[in-house]
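Student:
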Amino acid sequence: MLKVLLASRNAGKLQEFAELLPGFDLHPWPREAPEIPEEGCFFQDNALQKAGFARAWWRAHGTGPLDAVLADDSGLCVDALWGGPGVLSARFGKGLGQLEKNLRLLDMLPPEASRTARFVCVLALLPLPEGRALITSGQVEGRLAGENRGAGGFGFDPIFIPEGHTQTFGELAPGMKHALSHRGRACERLRAILQVEFDADRRSGRLRDNLP
Ligand code: IMP
426 MLKVLLASRN AGKLQEFAEL LPGFDLHPWP REAPEIPEEG CFFQDNALQK
476 AGFARAWWRA HGTGPLDAVL ADDSGLCVDA LWGGPGVLSA RFGKGLGQLE
526 KNLRLLDMLP PEASRTARFV CVLALLPLPE GRALITSGQV EGRLAGENRG
576 AGGFGFDPIF IPEGHTQTFG ELAPGMKHAL SHRGRACERL RAILQVEFDA
626 DRRSGRLRDN LP
């Protein structure tokens with residue numbers, strides 16, 4: 426199995442990655458490790474910054490062998506809010522509980538405004554101890570509900586209805602969210618690329634036994 430350090434303290438993401446990447450032996454970001462910076466203007470900048478920071482920290486302080494670090498930068502982009510909160514999603518409504526954050530976001534929509542929105546996710550997988558990043562992304566189109574609906578998922582899930590459905594991500598079963606979601610799609614692409622590399626290694630006789 427590929428031993429991977431997840432550069433995130435977000436419990437919702439950790440839970441989803443455990444389900445989406447069953448071939449990975451995932452290690453959560455250690456409690457004693459510092460906060461991971463995210464200062465970029467784009468999801469990809471932030472995913473690379475997080476992965477680079479996590480790799481450097483692990484090289485200096487980590488214990489035990491790991492194959493790679495994985496970083497996720499994601500967010501909700503609402504058309505009527507000029508794409509916001511977007512890369513700033515994690516900081517939106519700081520200090521409020523998640524359900525209040527969701528209501529605040531809904532309150533910001535002008536009356537009659539379009540309710541279209543999308544979730545975006547960029548993943549960066551950086552090999553350890555060195556090597557170039559593998560980047561994949563995924564997104565899911567949808568629209569905002571009128572209120573919080575459903576107790577599943579995390580973050581903005583109770584107010585996001587994926588295209589072609591009537592239930593929010595908070596109401597849909599986790600397996601259904603994974604099949605449709607930005608993170609599910611980015612993970613599917615990551616797995617596909619790793620599989621191609623694995624097959625190439627096998628064809629060239631360099632069989633590695635730790636890939637998913
Ligand atoms: P970041 O990637 O750590 O900057 O933060 C992502 C933020 O976007 C989360 O804290 C959530 O508010 C939101 N978000 C990202 N993905 C999801 C999702 O799958 N469901 C609900 N909210 C999400």
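Heads up: the sequence shown runs through residues 426 to 637, numbered per our numbering.
No residue lacks a Cβ here, since even glycine has one placed at the ideal position from N, Cα and C.
1. Taking all protein chains shown into account, decide if H486 is buried (16 or more other Cβ within 10 angstroms of its Cβ) or exposed.
2. For the ligand IMP, is there a heavy atom less than 7 angstroms away from the beta-carbon of D582?
3. Measuring straight from C-alpha to C-alpha, what distance separates K428 and G448?
4. Would R543 be called buried (16 or more neighbouring beta carbons within 10 Å of its own) or exposed?
5. Whole angstroms are fine: how far does the CA of A496 sit from the CA of P552?
6. Which whole-angstrom value is the C-beta distance of L584 and N573, which I expect to be below 8 angstroms?
7. Looking at C-beta atoms only, is the number of pairs between the segment 496-508 and the segment 465-472 that lie closer than 8 angstroms three or more?
8. May I ask you to check if the CB of E463 is nearer than 7 angstroms to at least one heavy atom of the ligand IMP?
9. When you compare each of L506, L491, P510 to G500 by their alpha carbons, which one comes out closest?
10. Where DSSP assigns a beta bridge to G509, which residues make up the other side?
Tutor: The relevant details are as follows:
1. On the sequence shown, residue 486 is found 61 positions in, with the first residue counted as 1. Exposed is the call here.
2. Along the sequence shown, read from residue 1 onward, the residue named residue 582 stands at position 157. Within the cutoff, so yes.
3. For this step, residue 428 is matched to residue 3 along the sequence shown. For this step, residue 448 is matched to residue 23 along the sequence shown. The alpha-carbon separation between K428 and G448 amounts to approximately 9 angstroms.
4. For the purposes of this step, residue 543 is taken as the residue at position 118 of the sequence shown. Classification of R543: buried, given that the 10 Å Cβ count is 16 or more.
5. Walking along the sequence shown from the start, residue 552 turns up at place 127. Walking along the sequence shown from the start, residue 496 turns up at place 71. If I take the Cα positions, the gap works out to 12 angstroms.
6. Counting from one through the sequence shown, the residue named residue 584 turns up at place 159. Counting from one through the sequence shown, the residue named residue 573 turns up at place 148. Residue identity check: residue 584 is Ile in the sequence provided, not Leu. Yes, they are in contact, since the Cβ atoms of I584 and N573 sit about 6 angstroms apart, within 8 angstroms.
7. These segments touch.
8. Along the sequence shown, read from residue 1 onward, the residue named residue 463 stands at position 38. Correct: E463 has its Cβ closer than 7 angstroms to the ligand IMP.
9. If you number the sequence shown from 1, residue 500 lands on position 75. G500 has its Cα closest to that of P510, out of L506, L491, P510.
10. Against the sequence shown, residue 509 aligns to sequence position 84. For G509, DSSP records a beta bridge to V503.
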